[in-house]
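**Student:**
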Amino acid sequence: LLFAAAALSANATYGLNIGIFVVIFLAASIGGDSLNFFFGNKFGEIIPRHRVLGKFIKEKDLAKAREFFNKYGAMAIFFGRFI
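Going by full-length UniProt numbering, the first residue of the sequence shown is number 1, and it counts up by one from there.
1) Just curious, the alpha helix (DSSP H) that residue 66 is in, first and last residue?
2) So, for residue 21: in the same chain, excluding its five sequence neighbours on each side, which residues have a beta-carbon less than 7 Å away from its beta-carbon?
3) Among 77, 74, 44 and 75, which residue has its Cα nearest to the Cα of residue 61?
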């Protein structure tokens with residue numbers, strides 16, 4: 001989406017402003033991160049005990065994720081933004 005917005009902004013025919021896209025994408029990125037953090041913080045511990053979701057996310061998976069983020073935390077989040 002970012003590349004499409006840049007291509008449309010570069011073309012004078014469409015008259016789209018790259019500054020508007022930057023603000024929209026920045027707000028969407030921060031909003032998405034905040035929403036994901038909220039849901040993970042609020043419901044993360046109960047998912048393995050949920051009747052349906054517990055089939056896909058087990059307690060051992062959460063323990064493995066905790067161990068990974070305790071070890072690589074900030075670096076994993078930084079590089080994860082580019083994947």
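No residue lacks a Cβ here, since even glycine has one placed at the ideal position from N, Cα and C.
**Tutor:** Checking against the coordinates, here is how it stands:
1) Looking at the DSSP string, the run of the alpha helix (DSSP H) that includes residue 66 is 59–80.
2) Only 5 and 9 meet the Cβ criterion.
3) Looking at 77, 74, 44 and 75, the one whose alpha-carbon comes closest to that of residue 61 is 44.
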